[in-house]
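Residue numbers for the sequence shown follow the numbering used here, beginning at 79 and rising by one.
Cβ coordinates follow ideal geometry from the N, Cα and C atoms, glycine included.
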Amino acid sequence: MRLVKQQLGEISGSLEAQIEALSVVQLFQFRGALVDFHSVDELRERLARHLTGTEE
Numbered sequence: 079m080r081l082v083k084q085q086l087g088e089i090s091g092s093l094e095a096q097i098e099a100l101s102v103v104q105l106f107q108f109r110g111a112l113v114d115f116h117s118v119d120e121l122r123e124r125l126a127r128h129l130t131g132t133e134e
């Protein structure tokens, strides 16, 4: 979570909960993609795609 906050600043509790619910494998993939996020909206969109299974 520290990396997310360093990259994007404070995020909502619901986004934190979604990130914390990811599996270890998903967290590893997420960490790799984190450098591409430039806004909380991008983070939210990526998590939504991931949770609905529409990930590229």
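Inter-residue spacing [alpha-carbon to alpha-carbon] between residue 101 and residue 88:
Taking the straight line joining both Cα atoms gives about 22 Å.
Between the Cα of residue 107 and those of 85, 92, 124, 83, spot the shortest distance and give me the residue it belongs to.
Residue 107 has its Cα closest to that of 124, out of 85, 92, 124, 83.
Counting C-beta neighbours from all protein chains within 10 Å, is the total for residue 103 16 or more, i.e. buried, or is it exposed?
Its Cβ having fewer than 16 others within 10 Å, residue 103 is exposed.
Which residue's Cα is closest to the Cα of residue 85: 118, 98, 93, 95?
Checking every option, the nearest Cα to that of residue 85 belongs to 118.
Do residue 81 and residue 112 have their CB atoms nearer than 7 Å?
In this structure, residue 112 lies closer than 7 Å to residue 81 by Cβ.
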